[in-house]
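In UniProt numbering, the protein residues as written are 1 to 596.
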C-alpha cells in the first residue's frame, strides 16, 4: 500500500493535515465539499472521499466564505496569502463530515469522519487568540472513535505557513511560538475485540522555525521516492537526508503529558483481557535533542492465563548532534555504500533507559504445566560521552531481581542451586566503566553480582593502553588497539551473606558431619592449596591467612588486590602465557589480601 498521496488532490489534503495538525491533531481531515477519486496504486489500493461543510459562520472576516471553504477543503497552497493575513472576530464551522470509501484487492471498506464545532477566535493578521474543536468521531466497519474537545491558544496561522514555505517568512531563522496551552480531553475507542477509554493530552507551548525546504519540494521528493522505493535515486536520497537534518532542528516543545488509557476486551484466543497505562509524559524537545519519554502504570492481564506489569519505564533523551552533522555533510548523491560507511556516525547519543516495578506471571511455552514468574525492582542503563557512535561511559545496574529457580531444566548451574536448596533468588548486578582520554585508560568502577542472603562479588580495576583507536571507525585499527590493552590493577571483594552456610550444610548432611566441624577443615585445605600454588611467593602467606579467615567464618568479607609491577600492566601476551602456566603471572604482580 502506498504511504504517500497518489494524486494532487491528496497532496492538497495532506498539506492541510500538516498545517492544521500543528495546532490540533484532529485537523487533518478538513476538505471542501467535493468528491475525488484516487488512482490505482501498485498495491491495488483505491480510495474515494467526499467532504461536506454545510455552513461557515465568519464574523468580521476579511476573507470570504468561499475562500475559507476552499482553504478548509485542502487548498491551502493557493490561498496561503489570504490565510496568513486573516482577520476575523470569529470563524465557526459547526460540522465537517468526511466519508471515505477504500478498496484493496476487491475488499471494500467505508468510514465516516466527523469534526464538530471548529472555532477560531480573535484572529488578527493570521494569529488567532484561540482555536478549538468541539469533538471528533470516526465510525468504520470495525472501529468507532470518539474524541472530546481540543483547544489551544495563541495559534500563529501565518507562522505555520511560514514553516512550510507557503508564505514569505521574511528571512526568519529563530524559533517562534506556534501555539500555547494545548488541551485535549481524550475519548473512547471501540472495536469488535476491545473497548478503550483514552485520557487527555496537555502541552504548554510549541515553537518552530521556517524549514529550509518548501512544503512543495518535500512532497515532490517524498512522491518521487515512493514511486521507486526499491531503488531510489541517489540524488533524491541526498536531498531527503538534508531535509531530515533540517527538520530535526526546527521544532521545540514544552513537556507533553498524556493521562493514560484503559482497555477491556478479548485476545486472539477469546480470553478476557485488560490493558492499561496510568499516564505518559514526553520531555521538552529542543533542536537536536530528542526528549525523554516516560510511561507509568503499565498493566496487561489475560484472564486465567497471565499478567505483566511495570510501574515506570523511561527512555532517556537522545543527543542527535552527531547524527545531524553527518546528515548535513552527506554528499549530493547518497547510495547504500555511504550508509554502510557512516552507520556509526548516524547513531544518536542515547542516554539510556530505566524501569522499575516489573512483574510477570505467564505460562511457560516449553512446559504447559509450569509458569514463568519474575520481578525486577529497578533497572537502569546510563550511557554517556559517545565517540564514533560508542558510549565511553557505561553504567548498567539492576536490583531486586526475584525469580524461582526452575527444576528439571538440564542446566548444570541451575541444578546446582536447587541441590543447595536454593529455589528462589533475589539478585542484583552492576557494571560501570569510564574511558579517560587523557590517560588512555578505562576505569572499571564496578562489576558486581549480589544475592540477598547469599553473597556479593565485586570486581574493580584499571585497563591501560586504551587509546582513542579503540573506538575507531576502522575495524582493523580498533582490533589492533584492543590487542594492546593491559591490566594495571584489579581489586576483588567477596562478601558472604549466608552462601557458605548453605554449602556447608549440604556437604555436612551428605557426609553425616557437623557443618561447624567442617569449616576449619575446608579453610585449612584452601589455605594450603593457595600457598602451594604460589610456590613460596612473598605474598602467599598473607593471602592464605586471609582466605582461611574468610572460609572459616571468622571474617565475612575477603578483599584481594592485584597490582602489576611494571607499566603499563599485564598484557594480552601475559594472559595467553598464563593459560599454559598460571604461575607465570606471580612474578609480575604484587598481591595484597585482607579479611574482615
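Cβ coordinates follow ideal geometry from the N, Cα and C atoms, glycine included.
Listed as beta-bridge partners of residue 164 by DSSP are no residues whatsoever. Straight-line spacing of the CA atoms in residue 270 and residue 295 works out to 28 angstroms. Residue 107 counts as exposed, since fewer than 16 other beta carbons sit within 10 angstroms of its beta carbon.
Annotation: residue 379 to residue 172 spans about 45 angstroms, alpha carbon to alpha carbon. Of the candidates 323, 65, 186, the residue whose Cα lies closest to the Cα of residue 279 is 186.
Linking residue 496 to residue 464 through their CA atoms gives a straight-line distance of about 31 angstroms. With respect to residue 537, residue 461 sits apart: the two C-beta atoms are not nearer than 9 angstroms. Setting aside the 5 residues that flank it on each side, residue 214 is surrounded in the same chain by 165, each with a C-beta closer than 6 angstroms to its C-beta; the list follows chain order. In this structure residue 297 is not in contact with residue 291, their Cβ atoms being roughly 20 angstroms apart against a cut-off of 8 angstroms. Here residue 555 really is in contact with residue 549; their C-beta atoms are around 4 angstroms apart, less than 8 angstroms.
As DSSP reads the structure, residue 146 sits in a beta bridge with 137, 188.
Residue nearest to residue 58 within the set 114, 490, 72, 49 is 72 (criterion: CA-CA distance).
Within the stretch 295-342, the complete beta strand (DSSP E) runs of at least 3 residues fall at 306-315. Beta-bridge pairing by DSSP links residue 404 to 424. If you check the CB distance, residue 95 and residue 114 come in under 9 angstroms.
One Cα belongs to residue 509, the other to residue 518, and the distance between them is close to 11 angstroms. The three-state reading of DSSP puts residue 156 in strand, counting E and B together.
With respect to residue 100, residue 48 sits close: the two C-beta atoms are nearer than 9 angstroms. Taking the Cα positions, residue 132 is about 7 angstroms away from residue 120. Here residue 206 is buried. Its C-beta has 16 or more other C-beta atoms within 10 Å.
The stretch 478-497 makes no contact with the stretch 516-535; the number of CB pairs closer than 8 angstroms stays below 3. As a beta-bridge residue in DSSP terms, residue 386 pairs with 391. For the set 499, 306, 356, the Cα lying nearest the Cα of residue 372 is the one of 306.
Our two residues, residue 381 and residue 62, have alpha carbons roughly 57 angstroms apart in a direct line. Each residue's CA atom was taken as its position, placing residue 263 and residue 341 some 45 angstroms apart. Cβ-Cβ separation between residue 135 and residue 148: approximately 6 angstroms, consistent with a contact (criterion under 8 angstroms). Around the Cβ of residue 122, a 10 Å sphere holds fewer than 16 other Cβ atoms; the residue is exposed.
Note on residue 252: 16 or more other CB atoms within 10 angstroms of its CB, so buried under the neighbour-count rule. Per DSSP, the unbroken beta strand (DSSP E) holding residue 258 starts and ends at 256-258. In the structure shown, residue 459 adopts extended strand secondary structure according to DSSP, grouped into three states. Taking 4 residues as the shortest admissible run, the stretch 41-126 contains the following complete alpha helix (DSSP H) segments, listed from N- to C-terminal end: 65-72, 80-84. Ranked by Cα distance from residue 375, the options 245, 400, 86 are led by 400. Close CB contacts of residue 55 within its chain, under the 7 angstroms cut and outside five residues either way in sequence, are with 94 (chain order). Selection 286, 339, 529, 310 evaluated against residue 357 yields 310 as nearest (Cα-Cα).
Residue 422 sits close to residue 454, with the two beta carbons spaced by under 9 angstroms. Within the model, the alpha-carbon separation for residue 533 versus residue 590 is close to 15 angstroms.
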